[in-house]
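Asker: Everything in the sequence shown is counted per this note's numbering, starting at 225 for the first residue and increasing by one. Can you read through this structure? Questions will come right after.
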Amino acid sequence: MSRATRSALVRDDRTLYEAAAGAAVGLSGVAFAAGLAALLGVVAIDDPVAGLELSVVFGATLLALGLAVVGFGVASRLEYVDAAPQPSAGLVAAAAFTGIWFAVGAVVSGAAGLGIGARFGAGAVLGGIAFAATALPREDIGSTVPAGAVAGLCGLFLVTGVVGPGWERALAGYNATLFGDTVVPAVVLFASLVSGWSAAKAYGGFGARGRNVGAYVLIYLVVCSILAVLVGLVAFVTVKGLPGLFNGFGVGGAALISWPFLTNGAGLLADVAGVFPALVGTVWLVIGAVLFAVPTGVGAAVFLSEYAEQGRFTGAVEVATNGLWSTPSIVFGLFGAAFLIPRFGNQKSLIAGMLTLGFMLLPLVLITSREAILAVPDEYRDASAALGVSKWQTIRSVVLPAAIPGITTGVILGVGRIAGETAPILLTMGGGVLPAKSAAPDVLGGFQLSGSPPFVSNPALLEATSALPYQLYALITAGLSGNIQSPQEYAWGLALTLLLVVLVFYAIGIATRYYFRRKLHQ
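Structure below.
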């Protein structure tokens with residue numbers, strides 16, 4: 225009877241404990257999201273919330289989280305709840321809190337005007353105390369008390385107004401100043417991350433399960449913050465660029481859709497300045513680079529994976545390709561200017577830009593294609609050989625179709641890089657800064673037959689032209705505007721157009737990968 229009653233009480237206490245810990249995790253997530261919004265400028269730290277400034281609300285939230293986290297640890301240590309803590313929080317947690325409290329001691333003593341030696345001493349003392357408080361006690365105390373102290377101290381600074389709206393501090397010895405609009409959200413992000421991790425460990429009952437739950441919470445918060453930054457970046461460019469992109473847009477009339485920003489040039493006679501020549505130039509740049517790099521890279525990957533012996537040669541090629549992929553784009557631009565331009569009439573041209581970007585794309589295509597080919601199971605090759613199929617037929621009909629999804633992934637990543645490059649275009653292809661519509665390269669209509677080698681020529685490939693990144697550089701960096709009425713609006717519309725072009729290429733690549741993946745599994 226007593227055992228049943230005790231078990232029921234333990235279950236009830238554990239349920240209440242888990243609910244409180246889960247609420248603390250949720251509150252830390254809300255604080256993290258609000259801090260991220262403040263850091264990105266969506267909200268201001270002096271905005272009123274229930275009659276209080278947002279920074280004060282942040283401070284009260286962190287104070288509550290700090291007290292709750294410490295309470296979770298004390299409740300577990302006094303065995304008010306059923307938990308399974310380890311004898312120690314571990315050296316990793318101890319080292320992390322040592323670094324945190326060392327930084328706190330150094331920053332606070334520096335703000336008090338102490339010297340370098342005193343700052344180091346204060347940081348060392350607090351770091352040593354934090355290490356002992358984390359590593360020596362049981363896990364439930366070592367994981368909660370240092371974390372709760374961090375959140376509580378940060379909350380105390382914000383509630384008392386030590387750091388808040390209008391706060392600023394110049395960094396001695398550096399040409400920089402810290403402002404409250406940046407420091408407050410950063411403090412909230414950090415403190416909510418630490419307290420959320422500690423509350424998640426308490427929710428999991430400490431031990432192995434608690435560590436897993438804490439790690440998941442950290443990963444989720446960090447991933448969500450990264451996604452929020454990316455979404456915020458795209459949304460910011462979209463909001464800024466929509467007025468310029470839809471300038472003069474209309475439906476009906478002689479044309480079904482009138483979109484002068486995309487169909488006009490930036491010449492003097494254009495009623496609405498557009499980006500048509502730069503848009504066409506960018507598309508042809510990417511197409512030419514892909515047509516050069518993909519066959520070359522895939523062919524080299526097939527040779528290295530299926531024909532070449534694995535040894536020093538393949539190792540040297542692997543090191544070289546990895547190094548080339550990490551080479552700055554300006555180096556490729558210098559290569560194009562020094563090596564390609566003299567071979568194409570000694571002037572900037574579209575073909576020189578295509579080949580330069582193709583050389584940039586080639587290492588990634590080679591790396592990903594080789595990895596995708598090596599990932600094809602050997603059973604596929606053995607089964608094909610058992611049927612009497614030649615090695616080349618096996619590669620063409622079995623290996624390459626199975627590797628196409630991986631190859632396409634590499635092409636997608638590479639196109640995302642080369643489509644927005646500016647430095648190589650400046651050195652190899654840059655033509656008019658604000659060209660008229662007639663300056664758009666007519667590659668398809670420019671092919672001509674001749675009676676002498678190479679029997680086919682295309683003057684459009686040998687002419688300099690513009691591209692979206694190059695034109696954007698000229699507008700913002702060089703300050704050129706021509707006859708554009710609103711250069712800033714035009715530039716943001718140009719940036720949004722470039723973003724949409726890259727996303728369209730991404731969509732085409734993803735659709736191609738999905739198509740071949742479905743065919744592979746049919």
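Note that the Cβ used here is the ideal one computed from N, Cα and C, for glycine as well.
(1) Using 8 Å as the threshold, is the segment 289-299 in touch with the segment 365-372, meaning 3 or more CB pairs across them?
(2) Using C-beta distances below 7 Å, list every residue in its chain close to Arg-435, excluding the 5 sequence neighbours before and after it, in chain order.
(3) Which word fits Ser-333, buried or exposed, when buried means at least 16 other C-beta atoms lie within 10 angstroms of its C-beta?
(4) Can you tell me which residues form a DSSP beta bridge with Phe-403?
(5) As an exercise, report each continuous alpha helix (DSSP H) stretch of at least 4 residues that is fully enclosed by the segment 645-727, in chain order.
(6) Cβ atoms of Leu-503 and Leu-692: under 8 Å apart, would you say?
(7) Is Asn-546 near the ligand COA - that is, is its Cβ less than 7 Å away from at least one heavy atom of it?
(8) How far does the alpha helix (DSSP H) with Gln-617 in it extend, from its first residue to its last?
(9) Take Ile-649 and list the residues in its own chain whose beta-carbon comes closer than 7 Å to its own, dropping the five residues that flank it on each side.
(10) Per DSSP, what are the beta-bridge partners of Leu-482 in this structure?
(11) With a threshold of 8 Å, are at least 3 pairs of Cβ atoms found where one atom belongs to the segment 590-601 and the other to the segment 522-537?
(12) Within its chain, find whatever has a CB closer than 6 Å to the CB of Glu-277; leave out the 5 residues flanking it on each side and keep chain order.
(13) What number of angstroms, rounded off, separates the C-alpha of Val-437 from the C-alpha of Tyr-444?
(14) What does DSSP give as the partner residues of Val-555 in its beta bridges?
(15) Give me, in chain order, the residues of the same chain whose beta-carbon lies closer than 8 Å to that of Met-225; leave out the 5 immediate sequence neighbours on both sides.
(16) Apply the 10 Å Cβ neighbour rule to Phe-537 and answer buried if 16 or more other Cβ atoms are within range, or exposed otherwise.
(17) Look up Gln-273 in the DSSP assignment and say whether it is helix, strand or coil.
(18) Who are the Cβ neighbours of Asn-546 in its own chain at under 8 Å, not counting the five residues just before and after it?
(19) Return the residue from the list Ala-432, Arg-567, Arg-641 that minimises the CA-CA distance to Leu-585.
(20) Shorter than 8 Å from the beta carbon of Thr-545 to some beta carbon of chain B?
(21) Mapping DSSP to helix, strand and coil, what is Arg-747?
Answerer: On the basis of the coordinates in this document:
(1) yes
(2) Lys-425
(3) buried
(4) Glu-392
(5) 647-652, 692-700
(6) yes
(7) The ligand content of the structure shown is nil, which means the ligand COA is not present either.
(8) 615-618
(9) Gly-577, Ala-691, Pro-693, Tyr-694
(10) For the record, residue 482 in the displayed sequence is Ser; it is not Leu. Per DSSP, Gly-474.
(11) yes
(12) Asp-270
(13) 10 Å
(14) Bridge partners of Val-555: none, in fact.
(15) Any reading at Met-225 is ruled out, since the residue's pLDDT is 38, under 50, leaving its predicted position unreliable.
(16) exposed
(17) Per the sequence presented here, residue 273 reads as Val, with Gln not at that position. It is a strand residue.
(18) Pro-587, Ile-591
(19) Arg-641
(20) Of the protein chains in the structure, only one exists, and it is not chain B.
(21) Because the chain spans 225 through 746 in this model, residue 747 falls outside it and cannot be assessed.
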